[in-house]
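Protein chains in written order, with our numbering: chain A, 1 to 385; chain B, 386 to 600. Even glycine gets a Cβ: it sits at the ideal position worked out from N, Cα and C. Since the structure is predicted, the reported quantities are computational estimates derived from the model, not experimental observations. Quick notes on the structure that follows.
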Amino acid sequence: MEKFEPIKEEAMSSVERVLTSIKLKEPDRVPVWPLIDYLPVNYIDVTAQEMIEDPEKSQWAFEWIYHKLGGFDIAFAGGSFYMQIINPFPDFFSIFYLDWRLPGRMLDVNESPQLVENALDDPFFKVEDYDKIIEKGLLWKSNFKRAGMKDMMKLSKIGPKVAEYTEKWWTEFKVPTFNDGACSTPFDLLSMFRGSTNFMKDIYRYPDKIKEVSDFLVDNMIMMGQYGPSQSGGKTILVGGVRGSADFISLKHFEDLYWPYFKKIVTEYVNKGYIVQLHMDTDWTDRLHYLKELPKGKIYLHMDERTDIFKAKEILGDHMCIEGNLKPSLFKLGTPSLIEKEVKKIIDGCAEGGGLMVGSEIPDDAKLENVKAMIDTCKTYGKYK
Amino acid sequence: MAIEQDLVNAVIDLDENKSYGLVKKMVDDGADPNKIIEILKKGVEEIGERFSRKEYFLTELVMAGEIFQQSAKLLEPILKSMEKASKSTGTVVIGTVKGDVHDIGKNIFVTLLQVGGYEVYDLGVDIEPIKFLEKVKEKNANIVAYSGLLTVALDSMKETTELLKTNGLRDKVKIIIGGLPVDEMWMKEAGADAFTDNAFEGVKIINEWLKSGGG
Ligand code: B12
Chain A
1 MEKFEPIKEE AMSSVERVLT SIKLKEPDRV PVWPLIDYLP VNYIDVTAQE
51 MIEDPEKSQW AFEWIYHKLG GFDIAFAGGS FYMQIINPFP DFFSIFYLDW
101 RLPGRMLDVN ESPQLVENAL DDPFFKVEDY DKIIEKGLLW KSNFKRAGMK
151 DMMKLSKIGP KVAEYTEKWW TEFKVPTFND GACSTPFDLL SMFRGSTNFM
201 KDIYRYPDKI KEVSDFLVDN MIMMGQYGPS QSGGKTILVG GVRGSADFIS
251 LKHFEDLYWP YFKKIVTEYV NKGYIVQLHM DTDWTDRLHY LKELPKGKIY
301 LHMDERTDIF KAKEILGDHM CIEGNLKPSL FKLGTPSLIE KEVKKIIDGC
351 AEGGGLMVGS EIPDDAKLEN VKAMIDTCKT YGKYK
Chain B
386 MAIEQDLVNA VIDLDENKSY GLVKKMVDDG ADPNKIIEIL KKGVEEIGER
436 FSRKEYFLTE LVMAGEIFQQ SAKLLEPILK SMEKASKSTG TVVIGTVKGD
486 VHDIGKNIFV TLLQVGGYEV YDLGVDIEPI KFLEKVKEKN ANIVAYSGLL
536 TVALDSMKET TELLKTNGLR DKVKIIIGGL PVDEMWMKEA GADAFTDNAF
586 EGVKIINEWL KSGGG
């Protein structure tokens, strides 16, 4: 690896800093979390395919970017992508259920994975399948066209690697990992399976079916989310929400078809001792107050720029650690000074009293100097007195 | 009169069965199918207003589009036997640009364009610039619409406009872009004429263009 200066010591380690923030206390400074997927591919000798299929190389790439950017507070373990995508269970990322195109398989080795939801006319799930799910479970739908038994077998080799790297992040670098396992709601999953446009019609036509199937699926989904950590020993589970937001459904539908399941999933994970990350893309502003029903001081909430973080501070500031408001496209199209300005705005408005993290998903074509600007601003301007 | 208001209300309430029932009844009573279309549109427009006010959400837009399209199907046989009355107001070629496969927002925009009476050619997702060019030529389109949510989409939009330019078509079409991240800077970079992250706004913009004889 390129030679780097050792990461500069600060008053707290990243693990301490993040855990303090989750507990809603003030750490030494605001933690910073660039959510990086395939960014290293554009800078060093690693392909997107290797980021998924070669745990050593992907760990190397994640360590490289960590050092290149001078250190940040949440990282990802090499091999985790593989565990997510070749995952044998019917969830969001599983190639056995959804039309994921992978680098080196159906895409160029350096293209990020693409999930295709071309389901308007010929959805993966038909309306009749709602009843079949209840009859047969979900496994009958698995599909070995995009990956095979061999890929699945390889999981037993990948698991221990991910465990090793997870441990390395937490104890050697003292940086927490994220997304050791992932779960979403039955609603989000069914929407992917049916295609969002079809599913929105189902919401009007078959709301009772959706509820029935959700009731049936929810416990299974909770179990599936624990698959990753069961292999890697990780402590975190990401619960993702997209299609229950104000960009998609009304509050009435949210209350009826979405929130009860979301609440159940998150609460159970917290009760089982996991650190839960809520990954909430799109606009949740008008439903933030529901999140107060979740356990206090155990969760951190990622929002993208659609949700108003200042409202979130107002509503949830004394309840859960928040992070958001940065527009991912800024990291490609913006400049360091622009990003510094945006980060300062967030710190000024939300840092007081703790419970703030600064971060964003980083597009794969981002400029490093822009990501670094976010990190450095947190390290200087984000200091608590 | 009353039945017409009933239909508008049924659409606004997103009551599918009632809407279709009323459409059938009006057909049986010999109502002018173009009139029925106008009534349906009125309902959909009100839904658009409520969407803009955040009283209705994407689901409601999708449902409204569905009710409109299914009703239009009921009218097709009679519309065909008559002169094709309302001529299409414009021809739109649309797609999610190269490198991007997000299409939830684009699909709803396509539906709304159809409701608006436009002839729409939806190329799908991850569309190479050349595909846009070919379709614009083939259909003699006057509107081109790009959808994109990823930053790579901006480069693809630029490329597509360039290709239209080098083929002498840029001045013959109006270009509108849409999707979560688009703003004025995107519009300029992409060489487009308008941008919006609200599908209903998009239809309004195109309506304006055609009213003022542009495109
Ligand atoms: C759903 C979603 C997906 C789904 C898409 C399903 C589908 N069939 O579209 C899936 C899971 C497949 C997906 C994949 C990916 N995604 Co995605 N996705 C989203 C998400 C959460 C919501 C998008 C959405 O549908 N919104 C709701 C619709 C209704 O809104 P909309 O598209 O803006 O449309 C409205 C208007 O803009 C307008 N409109 C839309 N198009 C047009 C066109 C015209 C002409 C007009 C006038 C109007 C118009 O009409 C709509 C209603 O008003 C966004 C986050 C976000 N905040 O938006 C991320 C997001 C867009 N995705 C992102 C990323 C990174 C990805 C992936 C690269 C992830 C990965 N590493 O695999 C892949 C990319 C695959 C690819 N090559 O495209 C990033 C983009 C960052 C960037 N680069 O700038 C985002 C912002 C998430 C984030 N916070 O980082 N994604």
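Indicate the three-state DSSP secondary structure (helix, strand or coil) for I590(B) in the structure shown.
Reading the second sequence from its first residue, position 205 is the one you call residue 590(B). Here I590(B) sits in helix by DSSP.
By how many angstroms is the C-alpha of E63(A) removed from the C-alpha of P55(A)?
Translated into positions along the first sequence, residue 55(A) becomes position 55. Translated into positions along the first sequence, residue 63(A) becomes position 63. Their backbone Cα atoms lie some 12 Å apart in a straight line.
Tell me, please, whether the CB atom of S360(A) is closer than 8 Å to any CB atom in chain B?
One-based indexing of the first sequence puts residue 360(A) at position 360. Judged by the 8 Å Cβ criterion, S360(A) is not in contact with chain B.
Under 7 Å: does the beta carbon of R306(A) sit that close to some heavy atom of the ligand MN?
Among the ligands modelled here, namely the ligand B12, the ligand MN does not occur.
In the structure shown, what three-state DSSP assignment does M106(A) receive?
Position 106 of the first sequence, counted from the first residue, corresponds to residue 106(A). If DSSP states are grouped into helix, strand and coil, M106(A) belongs with coil.
Helix or strand or just coil, what does DSSP make of Q231(A)?
Residue 231(A) sits at position 231 when you count from the first residue of the first sequence. If DSSP states are grouped into helix, strand and coil, Q231(A) belongs with the helices.
Report yes or no: is there a C-beta of chain A within less than 8 Å of the C-beta of F442(B)?
Here residue 442(B) refers to the residue found at position 57 when the second sequence is read from its first residue. Interface residue, yes.
So, is M448(B) buried or exposed, given that buried needs 16 or more other C-beta atoms within 10 angstroms?
Counting from 1 along the second sequence, the entry for residue 448(B) is found at position 63. M448(B) comes out buried.
Are the region 319–333 of chain A and the region 288–306 of chain A in contact at 8 Å, needing three or more beta carbon pairs?
Short answer: they touch.
Any chance you could list the alpha helix (DSSP H) runs of at least 4 consecutive residues sitting entirely within the region 311–373 of chain A, in chain order?
Counting only runs of 4 or more, we get 330–333, 336–350.
Examine the Cβ distances between the region 177–195 of chain A and the region 72–80 of chain A and report whether three or more of them are shorter than 8 Å.
Yes, the region 177–195 of chain A touches the region 72–80 of chain A.
Quick check on this structure: which residue in K367(A), Y384(A), V239(A) has the alpha carbon closest to the alpha carbon of K68(A)?
For the purposes of this step, residue 68(A) is identified with residue 68 of the first sequence, where counting begins at 1. Closest option to K68(A), Cα to Cα, is K367(A).
Determine the DSSP secondary structure at Q455(B), reduced to helix, strand or coil.
As a working mapping, residue 455(B) is identified with position 70 in the second sequence. Q455(B) falls in the helix class under three-state DSSP.
Less than 7 Å separating the Cβ of I489(B) from some heavy atom of the ligand B12?
As a working note, residue 489(B) is residue 104 in the second sequence. Yes - the ligand B12 has a heavy atom lying nearer than 7 Å to the Cβ of I489(B).
S196(A) touches chain B at which residues, Cβ-Cβ below 7 Å?
Numbered from its first residue, the first sequence carries residue 196(A) at position 196. Those are I489, listed as they occur along chain B.
Just grab the DSSP bridge partners of E504(B) for me.
Here the question's residue 504(B) lines up with position 119 in the second sequence. Paired residues: T476(B).
Go ahead and pull the three-state DSSP assignment for I133(A).
As a first step, residue 133(A) must be located in the first sequence, where it is residue number 133. Helix.
What residues of chain A sit near E451(B), judged by a beta carbon separation below 8 Å?
Translated into positions along the second sequence, residue 451(B) becomes position 66. Within 8 Å Cβ-Cβ: K201.
Beta-carbon separation of V213(A) and I133(A) under 8 Å?
Translated into the one-based positions of the first sequence, residue 213(A) becomes position 213. Translated into the one-based positions of the first sequence, residue 133(A) becomes position 133. Yes, these two residues count as a Cβ contact at 8 Å.
Quick test of the definition: if touching needs 3 or more C-beta pairs under 8 Å, does the region 343–357 of chain A touch the region 36–55 of chain A?
The answer is no - the region 36–55 of chain A does not touch the region 343–357 of chain A, with fewer than three Cβ pairs under 8 Å.
Please go through the same chain and pick out, in chain order, the residues whose beta-carbon is closer than 6 Å to the beta-carbon of F310(A), but skip the five residues on each side of it.
Along the first sequence, read from residue 1 onward, the residue named residue 310(A) stands at position 310. Counting only Cβ-Cβ distances below 6 Å, and skipping sequence neighbours, we find G349.
Can you pull the DSSP bridge partners for L35(A)?
By 1-based counting over the first sequence, the position of residue 35(A) is 35. DSSP lists E361(A) as partners of L35(A).
Would you check if there are 3 or more beta carbon pairs closer than 8 Å linking the region 493–504 of chain B to the region 537–553 of chain B?
The region 493–504 of chain B vs the region 537–553 of chain B: no contact.
For the ligand B12, is there any heavy atom lying closer than 7 Å to the beta carbon of V276(A)?
Start at 1 with the first residue of the first sequence, and residue 276(A) comes out as number 276. Outside the cutoff, so no.
Quickly, what does DSSP pair Q277(A) with across the bridge? List them, please.
Residue mapping note: residue 277(A) aligns to position 277 of the first sequence, counting from 1. Paired residues: L238(A), Y300(A).
In whole angstroms, give me the CA-to-CA distance for A470(B) and K345(A).
Mapped onto the second sequence, residue 470(B) falls at position 85. Mapped onto the first sequence, residue 345(A) falls at position 345. Annotation note: pLDDT 49 at A470(B) (below 50); position unreliable, no value reported.
Check the DSSP bridge columns for Y531(B) and list the partner residues they point to.
Here the question's residue 531(B) lines up with position 146 in the second sequence. Its beta-bridge partners are G480(B), I562(B).
If you run the structure through DSSP and keep just helix, strand and coil, what is D99(A)?
One-based indexing of the first sequence puts residue 99(A) at position 99. It is a strand residue.
Residues in the same chain with beta-carbon distance under 6 Å from I7(A), minus the five sequence neighbours each way, listed in chain order, please.
On the first sequence, residue 7(A) is found 7 positions in, with the first residue counted as 1. Excluding sequence neighbours, I7(A) sits near G71.
Could you tell me which chain B residues have their CB closer than 7 Å to the CB of V116(A), listed as they occur along the chain?
Position 116 of the first sequence, counted from the first residue, corresponds to residue 116(A). Here the neighbours are V486.
Can we count T282(A) as close to the ligand B12, meaning its CB is less than 7 Å from some heavy atom?
Here the question's residue 282(A) lines up with position 282 in the first sequence. Yes, the ligand B12 has a heavy atom inside 7 Å of this Cβ.
Over the uninterrupted alpha helix (DSSP H) stretch that includes S94(A), give me the two end residues.
For the purposes of this step, residue 94(A) is taken as residue 94 along the first sequence, with counting starting at 1. Here S94(A) belongs to no alpha helix (DSSP H), and DSSP marks it neither H nor E.
Does any CB atom of chain A fall closer than 8 Å to the CB of P605(B)?
The requested residue 605(B) is not part of the displayed model; chain B covers only 386 to 600.
Contact defined as beta carbons within less than 8 Å: I believe Q277(A) pairs with Y300(A). What is the distance between those atoms, to the nearest angstrom?
Looking up residue 277(A) in the first sequence gives position 277. Looking up residue 300(A) in the first sequence gives position 300. The Cβ separation is near 6 Å, so the contact holds.
By a C-beta neighbour count over all protein chains shown, 10 Å radius and 16 as the cutoff for buried, is L24(A) buried or exposed?
In the first sequence, the residue the question calls residue 24(A) occupies position 24. The residue in question, L24(A), is buried, as its Cβ has 16 or more Cβ neighbours within 10 Å.
Put L24(A) into one of helix, strand or coil per three-state DSSP.
For the purposes of this step, residue 24(A) is taken as the residue at position 24 of the first sequence. The answer is coil: DSSP assigns L24(A) none of H, G, I, E or B.
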